[in-house]
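Trainee: Okay, so the sequence shown: first residue is -11 according to our numbering, each after it adds one. Quick reminder that beta carbons are idealized off the backbone N, C-alpha and C, glycines included. Handing you a structure now.
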Amino acid sequence: MIVRDLGLAPYVDTYAAMRAFTEARHDDTPDELWLCEHPPVYTQGLAGKPEHVLAPGDIPVVATNRGGQVTYHGPGQVVAYPLLDLRRAGYFVKEYVHRLEEAVIRTLAAFGVTGHRVAGAPGIYVRLDDPFAHAALAGPRPGRDPFAGLGKISALGIKVHRHCTYHGVALNVAMDLSPFSRINPCGYAGLATVDLATIGVAASCADVRDELAQQLQRLLAPR
């Protein structure tokens, strides 16, 4: 897998480049992993509903062909775009998503944080009361709210075209979180969004990017 650090990259240009790469690739094209941060932007997935964009203000809203609803990207958030041939890798989309989430969970663990999955809500979450607790989520959440006591730290949205993936996963490191309050993140009203900084982890984007890249390279290796 070829790893490319794109730095601070405009979202629209990166999106166009991913699509062009995927359209042009052939059976022998090496897989790539693109890592970047984006200037402030809201991105709306194919399932996105306009009512989940509450007050975008001066932040552009870009419609995309990834799955999922609306999310926010901005400086201080590490974004990883695996451009992977799933047929060559030897696993299907459901396992691919699981591996993306596992890479985030292992990255968080490297910084002492326990990440959690929520059934039916792709991405990774942390306990707001104790992000460093190792206990697994168990039983129904209080008030039957699947997100009770949790904050979302990582969003995930992918596209698969002719067995090849693009889009990917974002991990919040140390960013201005206020733009999340101007949307219903991933379509969930009132969903808390956090980053490593707000839960007490002093980590640079470079360190988190490097750890996430290593985990993705390990977990996305062919069978």
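Can you look up Val161 in the DSSP assignment and give me helix, strand or coil?
Mentor: coil
Trainee: Which of the three DSSP states is assigned to Arg(-1) in this structure?
Mentor: The question names Arg, yet the displayed sequence has Tyr at residue -1. Of the three classes helix, strand and coil, the one that applies to Tyr(-1) here is helix, per DSSP.
Trainee: Is the beta carbon of Gln57 sitting closer than 7 Å to the one on His40?
Mentor: Contact: yes.
Trainee: Near Leu204, what residues of its chain come up, given a Cβ to Cβ distance below 7 Å and the 5 sequence neighbours on each side ignored?
Mentor: Leu21, Ala68, Pro70 and Ala91
Trainee: Have a look at Tyr154 and Ile146 and give me their C-alpha separation to the nearest angstrom.
Mentor: 6 Å
Trainee: What's the call for Asn53, buried or exposed, on a 16-neighbour Cβ count within 10 Å?
Mentor: The residue in question, Asn53, is exposed, as its Cβ has fewer than 16 Cβ neighbours within 10 Å.
Trainee: Alpha carbon to alpha carbon, how far is Ala185 from Asp16?
Mentor: 41 Å
Trainee: At which residues does the alpha helix (DSSP H) containing Tyr79 begin and terminate?
Mentor: No alpha helix (DSSP H) contains Tyr79, which DSSP labels as neither H nor E.
Trainee: Mind checking Gly(-5): buried by the 16 CB within 10 Å criterion, or exposed?
Mentor: exposed
Trainee: For a quick check, are the C-beta atoms of Gln32 and Ala51 less than 7 Å apart?
Mentor: Taking 7 Å as the Cβ cut-off, Gln32 and Ala51 qualify as a contacting pair.
Trainee: Between His151 and Arg75, is the Cβ-Cβ spacing less than 7 Å?
Mentor: yes
Trainee: Starting from Ile146, follow its DSSP beta bridges and name the residues at the other end.
Mentor: His155
Trainee: Pick helix, strand or coil for Pro70, following the three-state DSSP scheme.
Mentor: strand
Trainee: Closest to Val29 by CA distance: which of Ala8, Arg7, Gly103 and Thr2 is it?
Mentor: The shortest Cα separation from Val29 among Ala8, Arg7, Gly103 and Thr2 belongs to Thr2.
Trainee: Tell me which same chain residues have a C-beta within less than 7 Å of the C-beta of Tyr176, skipping the five on either side of it?
Mentor: Phe135
Trainee: Check this for me: beta carbons of Phe120 and Val189, under 7 Å apart or not?
Mentor: No, these two residues do not count as a Cβ contact at 7 Å.
Trainee: Using DSSP bridges, identify the partner residues of Tyr30.
Mentor: Val49 and Tyr60
Trainee: Are there 16 or more other CB atoms within 10 angstroms of the CB of Lys140, so buried, or fewer, so exposed?
Mentor: buried
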